[in-house]
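Numbering (our numbering), first residue to last: 1 to 139. Glycine residues also receive a C-beta, built at the ideal position from the N, C-alpha and C atoms.
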């Protein structure tokens with residue numbers, strides 16, 4: 001499970017590492033509760049990784065690093081925070097840069113990912129769908 005937060009999301013690397021992404025809105029109590037509820041309803045995870053945004057503010061509803069750590073400790077085998085210096089959280093603005101490399105270093109599984117889609121192929125697809133949709137509606 002790869003728990004991602006606000007602007008710290010990596011859809012490509014989630015796919016490449018075979019992770020199941022869980023996107024949190026922010027680093028607040030509501031997001032923590034949603035992630036906890038999701039994990040509780042699942043069959044559990046061998047690995048849980050968490051990218052928590054360190055935004056330099058201890059705002060209303062902020063969650064301590066200890067509580068974020070308790071979330072990743074629910075993993076059966078490995079749980080880790082990604083890209084955040086726990087001693088500096090939430091004032092570790094370097095987390096916006098460090099998370100990408102840290103993720104590649106800590107999540108070592110790699111899976112085949114499909115080739116990249118060319119933009120022209122995407123536009124062709126959209127155009128064909130548009131024509132098909134119009135034919136159906138026109139009857």
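Around the beta-carbon of residue 112, fewer than 16 other beta-carbon atoms lie within 10 Å, marking it exposed. Around the beta carbon of residue 87, a 10 Å sphere encloses fewer than 16 other beta carbons of the protein chains shown; the residue is thus reported as exposed.
The residues 82 and 83, in chain order, have a CB closer than 7 Å to that of residue 102 in the same chain once the five nearest residues on each side in sequence are set aside.
Straight-line measurement puts the Cα of residue 60 at about 42 Å from the Cα of residue 117. If you ignore the 5 residues before and after residue 6, its C-beta comes within less than 6 Å of the C-beta of 26 and 53, all in its own chain and listed in chain order. The bridge partners DSSP lists for residue 103 come to none. Of the other Cβ atoms in all chains shown, fewer than 16 fall within 10 Å of the Cβ of residue 93; this residue is therefore exposed. Residue 32 sits in a helix when the DSSP states are folded into three classes. In this structure, 40 is the residue among 62, 55 and 40 with its C-alpha nearest to the C-alpha of residue 76.
Distances from the alpha-carbon of residue 11 to those of 72, 104, 125 and 68 put 104 closest. Annotation note: the region 72-103 contains no uninterrupted alpha helix (DSSP H) run of length 4 or greater. The Cβ-Cβ distance between residue 32 and residue 79 does not fall below 9 Å. Listed in chain order, the non-local C-beta contacts of residue 95 below 6 Å within the same chain comprise 54, 83 and 84, local neighbours out to five positions each way being set aside. Here the alpha carbon of residue 115 sits roughly 27 Å from the alpha carbon of residue 47.
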